[in-house]
Amino acid sequence: MSRGKQGEGGMLEVIKKYRFFLLPLGLVAFFDITLLAMNYGLSAQLEASSININIAGRQRMLSQKMTKSLLLMHYQQKQGIDTQAAHQELMDAMELFDQTLTAMRYGGETLSADSRPIRVKQFNETVIQKTLMQSLALWEPLYRSIQQMQLSESALEELVNAMVADNLQLLALMNKLTNQLETAAKRQTYLLRGLQTIIVILILLSFAMAINRLIRREQYFSKLMEKSSDIVIGINSATSRITFISASVKLLLQRDESYYLGHPYHRLFSQESASRISHLLLLAKKFRPLPYNRCEVQLIRADNALIDAEMLLQLNRSEDGRTIELSADIRDITERKQLELALTEMAHKDSLTGLANRAQFSLMAEQAILQAQRKSSSLAMMFIDLDNFKSVNDICGHHVGDALLVEVAQRINQRLRASDTVFRIGGDEFVVLLSDVAQNQHLQTVGDKIIAALSEKILIDNCPCQIGASIGIARYPEDGENIDALLKAADEAMYRVKQSGKNAVAFVA
5 MSRGKQGEGG MLEVIKKYRF FLLPLGLVAF FDITLLAMNY GLSAQLEASS ININIAGRQR
65 MLSQKMTKSL LLMHYQQKQG IDTQAAHQEL MDAMELFDQT LTAMRYGGET LSADSRPIRV
125 KQFNETVIQK TLMQSLALWE PLYRSIQQMQ LSESALEELV NAMVADNLQL LALMNKLTNQ
185 LETAAKRQTY LLRGLQTIIV ILILLSFAMA INRLIRREQY FSKLMEKSSD IVIGINSATS
245 RITFISASVK LLLQRDESYY LGHPYHRLFS QESASRISHL LLLAKKFRPL PYNRCEVQLI
305 RADNALIDAE MLLQLNRSED GRTIELSADI RDITERKQLE LALTEMAHKD SLTGLANRAQ
365 FSLMAEQAIL QAQRKSSSLA MMFIDLDNFK SVNDICGHHV GDALLVEVAQ RINQRLRASD
425 TVFRIGGDEF VVLLSDVAQN QHLQTVGDKI IAALSEKILI DNCPCQIGAS IGIARYPEDG
485 ENIDALLKAA DEAMYRVKQS GKNAVAFVA
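Everything in the sequence shown is counted per the working numbering, starting at 5 for the first residue and increasing by one.
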């Protein structure tokens, strides 16, 4: 028998002898290769998902940035300030938003967070495609409007109104898109991880307990970090101590994470917010569901300043599996709060004089009537229409007329009590609400003081302005029991003054 045949026969004998060992070893080798391939696939999937979620989150920031830039341009234009920087910021944000949204819808290139070109694959999920189509349908008309915008006050104001109206829908769609991307990424990630777990168990069954502990730990931190936010935190419901806090806390609150780790959560939150957290921890300790999954809180910065923030909440098992922890993403919403405040002021404040406008008048007048009803007290409404104001506009120009209205607002305010309020409800029309006024004589005196103050010659830009005021006064409840009735009665009294020579005060009766 030749040596070759002897070698082949010997190899067959070895395989036959150790077949029960070689089979599992072959399976181990196969599963090892499969596991390695899955690891590469998972890493690539996580990287792609992370990029997609990050750029979807950036879309929310860009939509807010465009609204902010438009509001800034509108304000700068009114103040006579150069709008070039704000305009450039708007165009940059708009182009990046459009480029990214188009790339996500059809597949293509856009920029990453560090301005590197990246390629985004077209999404196959139907729900994501539907959200992207809705977003493009809302965005494209707005995009064309911004591209074609004119830097006039009326055009800017119209565009600001459109942007503010559409921004909430854009934000909602971008939030929806981010959640859908997170859901798709988690679904694929959990599937791959499940297969990995099975393979690892098949390879090393003896290490099942250790693997189970590792998976539990991985799931714990995965749930803790699954939503992007400024600060990620974990609070043990049994001890009320902070078990985890991300390093980003230093950027927002100017303290290292070591200041908070292992200490009670009161170090992080204001007293009012800490009370809310205490209630949530009590529910978690009793294994009850949370009443809501997000809330607004205030954080304490190192200089004791309070920072407005939003918490996204969920309950998880602790790392050792023995207790329940309150996990949360904490997101700084200071800029959002400031924008909301600015929009509220715009809606209720006259941009020229700084007085409350007609919308605010309706709210405050209704409240004043309700208060007068409860207290059985009196209320007066004074309708003021300027005399000869049109002549000032025609002779001196609208810029002088605007400056004159500002001066008129100040002079009226100076003749009122702290409890009285003046509103600008039209071009040269003002309304004053006066509470707790028992005598008509007091109203007559106030009206005479206002007329005297406004009848003085006012010099603006070397242009002498001579105006006056016709004032009609209505009282609650004698002249009307609601806002419209009182305003109409005061207006009619004012017109009687206009017809009888102007520059005087008239009561309804």
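Heads up, the beta-carbon is just placed ideally off N, CA and C, and yes, glycines get one too.
None of the values given here were measured: they were computed from a predicted structure.
Within 8 Å, strictly: CB atoms of residue i and residue j
| i | j | result |
| --- | --- | --- |
| L66 | A117 | no |
| R259 | V253 | yes |
| A369 | I487 | yes |
| G472 | N507 | yes |
| V404 | D465 | yes |
| E329 | G198 | no |
| L160 | Q68 | no |
| V435 | I477 | no |
| L383 | S439 | yes |
| A313 | R280 | no |
| I57 | L185 | yes |
| L181 | I235 | no |
| T327 | A251 | no |
| V426 | N417 | yes |
| F393 | D495 | no |
| M167 | L74 | yes |
| S474 | V501 | yes |
| L174 | S139 | yes |
| A497 | G484 | no |
| E113 | I122 | yes |
| R264 | L272 | Checking the displayed sequence, the identity of residue 264 turns out to be Tyr instead of Arg. Going by C-beta atoms, Y264 is nearer than 8 Å to L272. |
| L163 | M153 | yes |
Cβ shell of residue i (< 7 Å), same chain only, five flanking positions each side left out
| i | result |
| --- | --- |
| Q10 | Reliability fails at Q10, whose pLDDT of 49 lies under 50, so the model's placement of it is uncertain and the value that follows must be treated cautiously. Cβ within range, chain order: n/a, list empty. |
| M213 | Legend: pLDDT at M213 = 46, less than 50; position of this residue unreliable, value from coordinates given subsequently. Excluding positions up to five away in sequence, the list is empty. |
| S274 | Q302, I304, L310 |
| N444 | F511 |
| V441 | S382, A384, L447 |
| Q126 | Y110, G111 |
| Y147 | M98, D102 |
| A90 | S73, L76, M77, Q80 |
Beta-bridge pairing of residue i - partner residues as DSSP gives them
| i | result |
| --- | --- |
| I235 | I334 |
| Q302 | D312 |
| C467 | I464 |
| P268 | R245 |
| I122 | T114 |
| S439 | L383 |
| E433 | D389 |
| E411 | DSSP lists no partner for E411. |
| I328 | R321 |
| A240 | In the sequence as presented, Ala is not what sits at residue 240; that position holds Asn. E329, per the DSSP bridge assignment. |
| R353 | Before going further, note that residue 353 is Lys rather than Arg in the sequence given. Its beta-bridge partners are A360. |
Candidates the options: closest to residue i by CA position
| i | options | result |
| --- | --- | --- |
| T357 | M137, R428, P293, R197 | R428 |
| K461 | Q470, A169, L174 | Q470 |
| T71 | I85, S54, E93 | E93 |
| T187 | D406, Q364, S54, A494 | S54 |
| L105 | Q63, I249, S47 | Q63 |
| S423 | Y269, A372, T449 | A372 |
| D307 | S366, L257, S282, A60 | L257 |
| A407 | E344, G431, L420 | G431 |
| R298 | Q318, E433, I150, I205 | Q318 |
| E1 | V124, Q151, S331 | The structure shown does not extend to residue 1, since the chain is modelled only from 5 through 513, so no value can be given for it. |
| E344 | T247, A169, L437, I150 | A169 |
Residue i: first and last residue of the uninterrupted alpha helix (DSSP H) it sits in
| i | result |
| --- | --- |
| Y499 | 487-503 |
| V396 | 393-400 |
| A478 | Per DSSP, A478 belongs to no alpha helix (DSSP H); it is in the beta strand (DSSP E), 472-480. |
| L359 | Premise fails: L359 is in no alpha helix (DSSP H) and is neither H nor E. |
| K506 | Unbroken run through K506: none, as it is neither H nor E. |
| Y147 | 130-151 |
| T449 | 444-459 |
| L255 | 253-257 |
Boundaries (first-last residue) of the beta strand (DSSP E) holding residue i
| i | result |
| --- | --- |
| S274 | Note, S274: premise wrong, no beta strand (DSSP E); not H, not E. |
| G112 | 112-115 |
| V509 | 509-511 |
| T425 | 425-428 |
Cβ shell of residue i (< 6 Å), same chain only, five flanking positions each side left out
| i | result |
| --- | --- |
| A413 | T357, L359 |
| C400 | C467 |
| M350 | none |
| L16 | none |
| F248 | G238 |
Same chain only: Cβ atoms within 8 Å of residue i, ignoring 5 sequence neighbours per side
| i | result |
| --- | --- |
| L287 | P293, L294, P295 |
| H352 | A360, N361, A363, Q364, L367 |
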